[in-house]
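If you read the protein sequences in the order shown, they are chains A and B.
Following my numbering, the numbering of the first sequence begins with 6 at its first residue and continues without gaps.
Following my numbering, the numbering of the second sequence begins with 10 at its first residue and continues without gaps.
We put the beta carbon where it would ideally sit given N, CA and C, even for glycine.
Quick notes on the structure that follows.
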Amino acid sequence: MIDFINLYLVPALTLGSIYALGAVGISMIFGILRFAHFAHGDVMSIGAYGVLTAVWFIPIHPLLLMPFGGALAVFSALAADRWFYRPLRKLPTIYTVIASFGVALILRSLMQILWGADNQVYVRGVTMPVVLFDTFRISALHAEAIVLTLIIAVALHFFLTRSRTGRAMRAVADDPELAAVAGLDTEKVIRWTWVIGASLAAVAGVFAGMDTDVHPNLGWNLLLPMFAATILGGIGKPMGAMAGGIIIGLAEELSTYNWIGEASLISPSYKTAVGFIIMVVLLIFRPQGLFKGRLL
Amino acid sequence: MEWTGLLFYLVGFLIAGGIYAILCLALNIQWGMGGLFNAGIAGFFAVGAYASAIVTTQASEKHLGGFGLPIPVGLVVAAVVAGLTGWAVAKICVRLKSDYLAMASIGIAEILRLVIVNESWITNGSLGIANIPRPFDGLVQGRAADFVFLAVVWAVVAMVYWMSARLHDSPWGRTLRAIRDNEHAARAAGKDVDWFRLQTFVIGAAIMGVAGGLSAHYFKFLSPSATEPLLVTFLVWVMLMAGGSGNNRGAIAGGLGIWAIWSLTEIFTNRLPPELATRSSYVRMLLIGLLLQVVLQKFRSGLIPEKSPPVRFDGNSP
Numbered sequence: 006m007i008d009f010i011n012l013y014l015v016p017a018l019t020l021g022s023i024y025a026l027g028a029v030g031i032s033m034i035f036g037i038l039r040f041a042h043f044a045h046g047d048v049m050s051i052g053a054y055g056v057l058t059a060v061w062f063i064p065i066h067p068l069l070l071m072p073f074g075g076a077l078a079v080f081s082a083l084a085a086d087r088w089f090y091r092p093l094r095k096l097p098t099i100y101t102v103i104a105s106f107g108v109a110l111i112l113r114s115l116m117q118i119l120w121g122a123d124n125q126v127y128v129r130g131v132t133m134p135v136v137l138f139d140t141f142r143i144s145a146l147h148a149e150a151i152v153l154t155l156i157i158a159v160a161l162h163f164f165l166t167r168s169r170t171g172r173a174m175r176a177v178a179d180d181p182e183l184a185a186v187a188g189l190d191t192e193k194v195i196r197w198t199w200v201i202g203a204s205l206a207a208v209a210g211v212f213a214g215m216d217t218d219v220h221p222n223l224g225w226n227l228l229l230p231m232f233a234a235t236i237l238g239g240i241g242k243p244m245g246a247m248a249g250g251i252i253i254g255l256a257e258e259l260s261t262y263n264w265i266g267e268a269s270l271i272s273p274s275y276k277t278a279v280g281f282i283i284m285v286v287l288l289i290f291r292p293q294g295l296f297k298g299r300l301l
Numbered sequence: 010m011e012w013t014g015l016l017f018y019l020v021g022f023l024i025a026g027g028i029y030a031i032l033c034l035a036l037n038i039q040w041g042m043g044g045l046f047n048a049g050i051a052g053f054f055a056v057g058a059y060a061s062a063i064v065t066t067q068a069s070e071k072h073l074g075g076f077g078l079p080i081p082v083g084l085v086v087a088a089v090v091a092g093l094t095g096w097a098v099a100k101i102c103v104r105l106k107s108d109y110l111a112m113a114s115i116g117i118a119e120i121l122r123l124v125i126v127n128e129s130w131i132t133n134g135s136l137g138i139a140n141i142p143r144p145f146d147g148l149v150q151g152r153a154a155d156f157v158f159l160a161v162v163w164a165v166v167a168m169v170y171w172m173s174a175r176l177h178d179s180p181w182g183r184t185l186r187a188i189r190d191n192e193h194a195a196r197a198a199g200k201d202v203d204w205f206r207l208q209t210f211v212i213g214a215a216i217m218g219v220a221g222g223l224s225a226h227y228f229k230f231l232s233p234s235a236t237e238p239l240l241v242t243f244l245v246w247v248m249l250m251a252g253g254s255g256n257n258r259g260a261i262a263g264g265l266g267i268w269a270i271w272s273l274t275e276i277f278t279n280r281l282p283p284e285l286a287t288r289s290s291y292v293r294m295l296l297i298g299l300l301l302q303v304v305l306q307k308f309r310s311g312l313i314p315e316k317s318p319p320v321r322f323d324g325n326s327p
């Protein structure tokens with residue numbers, strides 16, 4: 006039982022937190038700008054590299070250097086929006102999807118040019134897990150990821166329900182024409198969407214990079230489960246996307262547990278397929294997601 | 010000696026260019042005529058390649074196979090398997106906004122890649138399938154065989170082009186463009202939008218499978234790395250957008266044109282010192298990504314823009 010918690014549940018929650026933070030941005034962009042942002046994974050990787058570079062110069066704990074990663078991710082997202090997405094805004098959104106596909110490639114090649122294609126780590130050496138109650142072991146990274154994600158979720162909830170900007174964002178996501186008629190500044194809302202989406206993506210990217218290592222495909226490889234989380238939570242529902250991310254993370258990790266007999270239920274090499282299967286089932290039976298999101 | 014080298018380079022270039030042209034024609038049916046976003050071209054390509062390879066190779070203990078069937082049968086099987094895969098994806102997504110089709114198609118490409126790498130009893134995993142036959146293998150020896158294969162590839166290009174042109178000019182093609190340009194109007198005119206989209210996606214996916222099969226027979230060897238997801242999918246998108254989506258000639262022109270740029274820059278970067286050579290391959294990727302953005306913003310209609318087929322009146326009708 007304790008093995009289940011230590012080896013499956015905690016890593017699952019960590020993975021779920023990474024998906025949750027990434028999916029928030031995808032869900033908000035999908036809700037407000039109406040397109041599936043294929044470059045979101047690469048925005049995550051950019052954030053991870055921003056922190057990696059900061060660690061080279063200031064050798065302290067990577068999480069304390071998060072602002073550098075966040076700034077770089079926000080900058081690249083805003084630049085992509087300014088140069089590549091905004092000129093296409095009047096066209097059918099599918100053109101923006103194609104553009105974001107191209108932006109994913111542009112960001113990835115930039116990372117390969119600037120930082121190389123190799124795997125890199127933030128801090129060398131092995132950190133010992135913290136042992137609580139004699140048997141409960143949790144690595145510092147997993148604890149940090151889970152706790153920080155919880156804090157971000159609460160903060161995001163209050164931002165979206167209490168602040169003026171947050172409420173404007175929800176209004177635009179619900180009904181863009183009505184919001185524009187009511188005098189909301191749509192471009193400002195869009196800017197905020199990118200700022201929040203990209204900075205949370207950067208946090209997710211750093212966690213993912215600390216969990217394994219940093220490489221240019223880091224975020225791209227996580228894109229599919231994050232899309233699944235977005236659809237699961239309902240498009241345009243940031244809190245739903247967070248819940249969706251946790252669920253997808255749990256489903257992926259726990260599907261490899263030996264529920265029946267000795268062998269793991271699903272071979273670990275097919276772990277990443279679990280999120281996709283969930284997405285397919287949702288698209289067939291409940292495309293609006295668990296929490297009544299929009300169906301675009 | 011110099012000249013024969015150049016000649017064989019040109020033959021290899023035209024073979025690969027022909028395979029890309031087939032992929033572009035297939036994507037042109039899906040996107041150019043039907044307006045459907047397929048982000049999983051590499052997946053359909055890979056399925057076709059493996060299907061044709063397995064059906065045509067001699068028995069081997071390392072992977073599924075031993076059917077030893079003729080190559081045309083292999084290509085037909087490739088089309089059927091890729092078409093069925095496309096059917097499954099499209100069936101789920103056609104009724105939703107095209108973004109969902111993009112997500113699902115990229116997902117299916119990823120799943121197929123996982124299956125190809127992991128199920129080594131079918132595909133021999135990362136070691137790959139060897140000894141895949143080429144058409145007219147016994148007929149010619151040595152490097153002259155490349156000329157024969159070149160003819161085979163371009164015969165297939167011609168067939169696909171002819172079929173695609175017929176589709177484009179037919180009432181079926183007109184309905185597709187109507188759906189693409191105004192879904193609601195087409196629905197109001199009594200067209201079964203989802204059914205048309207499903208057909209479009211399946212036809213495109215089947216042709217992509219044939220292209221995959223051809224590439225397996227060309228290289229005679231197939232491993233998961235042959236289906237590098239990004240390169241295939243992305244290059245084909247850039248080719249079609251630059252060539253002119255909606256126009257079959259534009260699709261072929263874009264395929265050859267972008268493939269020429271891609272191969273020529275490779276010759277150039279290969280002459281650089283190794284340290285710079287790897288970096289400059291990323292620069293090429295970056296430039297291709299930027300090229301797509303330029304095309305999207307400035308020349309959406311591409312090199313050879315779409316042209317509506319002439320309307321022909323039948324003399325006898327009132």
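At a cut-off of 9 Å, the C-beta of W88 (chain A) has a neighbouring C-beta in chain B.
For I151 (chain A), same chain residues with a beta-carbon under 7 Å away, outside a window of 5 residues either side, are L18, T19, S22 in chain order.
Nearest to A206 (chain A) by C-alpha distance, out of A:S81, A:I37, A:I63, is A:S81. The beta-bridge partner set that DSSP reports for Q125 (chain A) consists of A:V219. Sequence-distant partners of K316 (chain B) (beyond 5 residues in either direction) whose C-beta falls short of 8 Å from its own C-beta, in its chain, are N256.
For F80 (chain A), the enclosing alpha helix (DSSP H) covers residues 71-85.
Going by DSSP, D155 (chain B) is part of the alpha helix (DSSP H) stretching over 154-178.
S290 (chain B) counts as buried, since no fewer than 16 other beta carbons sit within 10 angstroms of its beta carbon.
I282 (chain A) and P230 (chain A) have their alpha carbons spaced roughly 10 Å apart. Among the residues of chain B, none has a CB under 9 Å from the CB of M33 (chain A); the nearest is roughly 15 Å distant. In this structure, L301 (chain B) sits near A104 (chain A), with a CB-CB distance shorter than 9 Å. Sequence-distant partners of E149 (chain A) (beyond 5 residues in either direction) whose C-beta falls short of 7 Å from its own C-beta, in its chain, are L68.
At a cut-off of 9 Å, the C-beta of W246 (chain B) has a neighbouring C-beta in chain A. At a cut-off of 9 Å between beta carbons, R288 (chain B) contacts chain A.
Here the C-alpha atom of P283 (chain B) lies approximately 30 Å from the C-alpha atom of R122 (chain B). Contact annotation for Y262 (chain A) against chain B: no contact, minimum CB-CB distance about 19 Å [criterion: below 8 Å]. Counting only the Cα atoms, K276 (chain A) lies some 30 Å from H162 (chain A). P233 (chain B) places its beta carbon less than 9 Å from that of A55 (chain B). Looking at the DSSP output, L123 (chain B) shares a beta bridge with no other residue. CA-CA distance, A197 (chain B) to A187 (chain B), rounds to 11 Å. Look at I138 (chain B) here: in three-state DSSP terms it is strand.
The beta carbon of A178 (chain A) does not come within 9 Å of any beta carbon belonging to chain B, so the residue lies off that interface. Counting only residues of its own chain and dropping the five nearest sequence neighbours on each side, I267 (chain B) has a CB closer than 7 Å to the CB of L244, V247, M248, A251. Runs of the alpha helix (DSSP H) spanning 4 or more residues and lying entirely within the region 180-263 of chain B occur at 180-190, 192-197, 202-228, 238-252, in chain order. Look at Q39 (chain B): its C-beta is not under 9 Å from any C-beta on chain A. Straight-line spacing of the CA atoms in L34 (chain B) and R258 (chain B) works out to 9 Å.
Proximity of chain A to G298 (chain B) at the Cβ level (cut-off 7 Å) is accounted for by G107, L110, I111, S114, in chain order. Its Cα nearest to that of L159 (chain B), the residue B:I28 stands out among B:V219, B:I28, B:F53, B:F230. Judged by their CB atoms, F40 (chain A) and T98 (chain A) are nearer to each other than the 9 Å cut-off. For H42 (chain A), there is no enclosing alpha helix (DSSP H), as DSSP marks it with neither H nor E. In this chain, G49 (chain B) is not harboured by any alpha helix (DSSP H), its DSSP state being neither H nor E. Taking a Cβ-Cβ threshold of 8 Å, the residues of chain B close to V285 (chain A) are I101, A113, G116, in chain order. The beta carbon of Q117 (chain A) sits closer than 9 Å to some beta carbon of chain B. Under the three-state reduction of DSSP output, I111 (chain A) falls in the helix class. Counting only Cβ-Cβ distances below 8 Å, S107 (chain B) has contacts in chain A at I99, V102, in chain order. Here V79 (chain A) really is in contact with W199 (chain A); their C-beta atoms are around 7 Å apart, less than 8 Å.
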